[in-house]
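Asker:
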Amino acid sequence: MGLYDEFYLCHFVVFSEEYPIMATIVSLVSDQIAPIILGALHYKPSHMVFIRSGSEKYAQNVERICGYLKQELAFTYEEHIVDPYNFENVLAKMRGLSASFADKPFLCNITGGTKVMALAAFQAMNERGMRSFYIDTDNSRLMTFQETKVEAEPFDPRLTVDDFVNIIGATIDSEQTPWFQNDKRLAALGNLIFRHHQEWQQTNRYFHAVQRYFPTESLEVSAPFQFTDPNGKIRIRPDIVLLQELNRLNLVTNLRLKGRHVEFRYADQTAKMMLFSLGLWLEYHVYETIVRLQEQGVLHTDDLRAGVVLNWDAAEPSEHPVVNEIDVMVTKGSKLFCISCKAGDIKDTAKVLNEIELYSRRLGGIYYYPALVLVHPPNRLMRKRAELTNVKLFVLGERFPEELAAWLMGKREGKEGNR
Numbered sequence: 003m004g005l006y007d008e009f010y011l012c013h014f015v016v017f018s019e020e021y022p023i024m025a026t027i028v029s030l031v032s033d034q035i036a037p038i039i040l041g042a043l044h045y046k047p048s049h050m051v052f053i054r055s056g057s058e059k060y061a062q063n064v065e066r067i068c069g070y071l072k073q074e075l076a077f078t079y080e081e082h083i084v085d086p087y088n089f090e091n092v093l094a095k096m097r098g099l100s101a102s103f104a105d106k107p108f109l110c111n112i113t114g115g116t117k118v119m120a121l122a123a124f125q126a127m128n129e130r131g132m133r134s135f136y137i138d139t140d141n142s143r144l145m146t147f148q149e150t151k152v153e154a155e156p157f158d159p160r161l162t163v164d165d166f167v168n169i170i171g172a173t174i175d176s177e178q179t180p181w182f183q184n185d186k187r188l189a190a191l192g193n194l195i196f197r198h199h200q201e202w203q204q205t206n207r208y209f210h211a212v213q214r215y216f217p218t219e220s221l222e223v224s225a226p227f228q229f230t231d232p233n234g235k236i237r238i239r240p241d242i243v244l245l246q247e248l249n250r251l252n253l254v255t256n257l258r259l260k261g262r263h264v265e266f267r268y269a270d271q272t273a274k275m276m277l278f279s280l281g282l283w284l285e286y287h288v289y290e291t292i293v294r295l296q297e298q299g300v301l302h303t304d305d306l307r308a309g310v311v312l313n314w315d316a317a318e319p320s321e322h323p324v325v326n327e328i329d330v331m332v333t334k335g336s337k338l339f340c341i342s343c344k345a346g347d348i349k350d351t352a353k354v355l356n357e358i359e360l361y362s363r364r365l366g367g368i369y370y371y372p373a374l375v376l377v378h379p380p381n382r383l384m385r386k387r388a389e390l391t392n393v394k395l396f397v398l399g400e401r402f403p404e405e406l407a408a409w410l411m412g413k414r415e416g417k418e419g420n421r
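Counting from 3, one number per residue, gives the positions in the sequence shown under this note's numbering.
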C-alpha cells in the first residue's frame, strides 16, 4: 500500500441547517479557487470531497474555499490526499469514491488540479456513467460530460471584487469608488489634464516645489512665479493658462499674478490633495471610461472599484501588515481584472509590471488579468517585459476606450494557466 492509497481527512461540519440534502461534488484542488466555488454555488451540494496533494498550500486553499462557502451553503466535507502526478494513484482514488457514492447524486468538478488529476477523474467518472463538469470562465459557461454526451450552459453565480478579496483572507481597508462617483471636480480635472498633459506635469511639479521650498501648513500660497531649485539646475514655473483653468474650476481660488509673484489658495484639503497627485486624474479617467462604456451598452461588468487599498494580512493580523493599492479593479463573468495607472515616467519597469502581475495573480488564482495604462508609448524593453509577465499595456489616446472594452470582453490567448 502506497503513501497516498488510503489517507484522507473527513470533516462532518454542518455550517447551516437550512438546505436540503443534495448532490456530492468532488473538486480537484490547485491554485484555482474561484472555479471550485462557482461549481459549488451552482449545484449547492450537501457534501464536498476535495482531492489534493499533501502540500500545505493546498490544505490552506481548502480552508479558504470552505470559509467562503460556509456563508452561502450547508455542507459537510472531506479531503483525500493523492500524488497529483501519478495517474494510476488518482484513478484508483476516484474509482473508489465513485463506487462508494454509486447510489447517490455524485458529480466531479474537473476544472482544478493537475492535468493528470483531471484526466484520471474524468476517466473514473466516465467508467460509471457519472457526470463531470468544467467551469469555462473565459466564456462564462459550465460544461458537463456524461458518457458521450457533452452539454454547455451559462452559469449564474458571479464573483465580485469583495468575493475575490475575502476568498484569500484579505480585506479592503479603503477605496476611492464613492469619491469617484460623487466629486464632479474630478471629472473636470481629468478632462483638463487629458487635453493638456504636458502643461499639467509642469504645473504639478511647481506645486510640489513651492511646498518644498516655501513650506506652509495653510491652504494659502505665496511664492515666486518662477525660480530654480537650490542646485540651480531646474527652472520651475507653472503653466499660467492651466493655472487659470484650475482657478475657473474652483480647485484653486483667489489667483493673483503680481509681477514675478503668484498668490492663490487651494479650495480645500481635498482639492490640494487632487492637485498634488500626479496620476489621480488618470485613475479617474480609466474608471470613468469603463463607466461610460457601460452606459453606452458597449460593456457590462459585475463590479467596478477604484483606489482599492488591500490588507493582505487581515486573516493573521500583524503589527506591520502588508498593504497595497490597486488603481482600478473589475470583475466580469467571475474573472478578475486589475489595472495599474502610471501618468509619470517609470524608473523601474520590472518593479511596476511585477507588482500588478503579483497582486492580480494572488487575488485571481491562475485566471488573472493585469493591465498597465500609460500616458506615453512604452519602449521595447517594457513591451517585452509586459509580454513575459502577461500584463496588457494600454496607451492613452483616441482608441483607448475601444481597446479597453475589447480587452475586458474578449477571449484571452495564451492564458491556460499552470494547473
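C-beta atoms are modelled at their ideal positions from N, C-alpha and C, and glycine is treated no differently.
1) Roughly how many angstroms lie between the CA atoms of Leu75 and Asp33, to the nearest whole one?
2) Considering only their Cβ atoms, is the gap separating Lys337 from Leu374 smaller than 8 angstroms?
3) Measuring only the C-alpha atoms, how far is Trp202 from Gly69?
4) Could you give the C-beta distance for Ser29 and Ile35, rounded to a whole number, given that I count them as a contact under 8 angstroms?
5) Measuring only the C-alpha atoms, how far is Ile253 from Gln246?
6) For a quick check, are the C-beta atoms of Ser102 and Met132 less than 8 angstroms apart?
7) Could you check what DSSP says for His82 in three-state terms: helix, strand or coil?
8) Tell me the DSSP bridge mates of Pro156?
9) Does Lys334 come out as helix, strand or coil in the three-state DSSP assignment?
10) Can you name, in chain order, every residue of its own chain whose Cβ lies under 7 angstroms from the Cβ of Gln204, other than the five neighbours on each side?
11) Would you decide whether Ala122 is buried or exposed? Buried here means 16 or more other CB atoms lie within 10 Å of its CB.
12) Kindly indicate which residue of Pro379, Glu389, Arg387 and Glu318 has the alpha-carbon position closest to the one of Ala172.
13) Within 10 Å of its beta-carbon, does Met275 have 16 or more other beta-carbons around it, so buried, or fewer, so exposed?
14) State buried or exposed for Ser320, treating a residue as buried only when at least 16 other CB atoms are found within 10 Å of its CB.
15) Looking at the secondary structure, which residues open and close the alpha helix (DSSP H) in which Glu265 lies?
16) Does the CB of Leu251 have a neighbour CB from chain C at under 8 angstroms?
17) Scan the segment 219-289 and note each continuous alpha helix (DSSP H) run of 4 residues or more that stays entirely inside, going in chain order.
18) Using the Cα positions of Ala211 and Phe339, report the straight-line distance between them to the nearest angstrom.
19) In the DSSP assignment, what residue or residues form a beta bridge with Gln34?
20) In whole angstroms, what is the alpha-carbon distance linking Arg387 and Ala352?
21) Which residue comes first and which comes last in the beta strand (DSSP E) that contains Phe77?
22) Given this structure, state the Cα-to-Cα distance separating Asp175 from Val311, to the nearest angstrom.
23) In the structure shown, what three-state DSSP assignment does Ile348 receive?
24) If you run the structure through DSSP and keep just helix, strand and coil, what is Tyr370?
25) Between Ser186 and Val243, what straight-line distance do the alpha-carbon atoms span, to the nearest angstrom?
26) Let me check one thing: in DSSP terms, what residues is Met96 bridge-paired to?
27) Taking 6 angstroms as the limit between beta carbons, can you name the residues of its chain near Thr146, skipping five residues before and five after?
28) How close, in whole Å, do the beta carbons of Phe422 and Phe278 come, if the pair is a contact with beta carbons under 8 angstroms?
29) When you compare each of Glu222, Gly41, Val118 and Val163 to Thr139 by their alpha carbons, which one comes out closest?
30) So, for His287: in the same chain, excluding its five sequence neighbours on each side, which residues have a beta-carbon less than 7 angstroms away from its beta-carbon?
31) In or out: Leu259 buried (at least 16 other Cβ within 10 Å) or exposed?
32) May I ask you to list the residues that DSSP assigns as paired with Asn111?
Answerer: In this structure, then:
1) 22 angstroms
2) no
3) 47 angstroms
4) About 10 angstroms separates the two Cβ atoms, so there is no contact after all.
5) First, the residue type needs correcting, since residue 253 is Leu and not Ile in the sequence shown. Cα to Cα, the separation comes out at about 10 angstroms.
6) no
7) strand
8) Arg143
9) strand
10) Pro240 and Asp241
11) buried
12) Glu318
13) exposed
14) exposed
15) That residue, Glu265, is in no alpha helix (DSSP H); its beta strand (DSSP E) goes His263 to Tyr268.
16) Considering every chain present, this structure includes no chain C. It has just one protein chain.
17) 242-250 and 271-278
18) 36 angstroms
19) For Gln34, which the question treats as bridged, DSSP gives no partner whatsoever.
20) 7 angstroms
21) Careful: Phe77 lies outside any beta strand (DSSP E) and carries neither H nor E.
22) 6 angstroms
23) coil
24) strand
25) As written in the sequence, residue 186 is Lys, which differs from the Ser given in the question. Rounded to the nearest angstrom, the two C-alpha atoms are 21 angstroms apart.
26) According to DSSP, which records beta bridges pairwise, Met96 is partnered with nothing at all.
27) Arg133, Phe135 and Glu153
28) There is simply no residue 422 to check, as the chain begins at 3 and stops at 421 in what is shown.
29) Gly41
30) Gly192 and Phe196
31) exposed
32) Ser29 and Phe135
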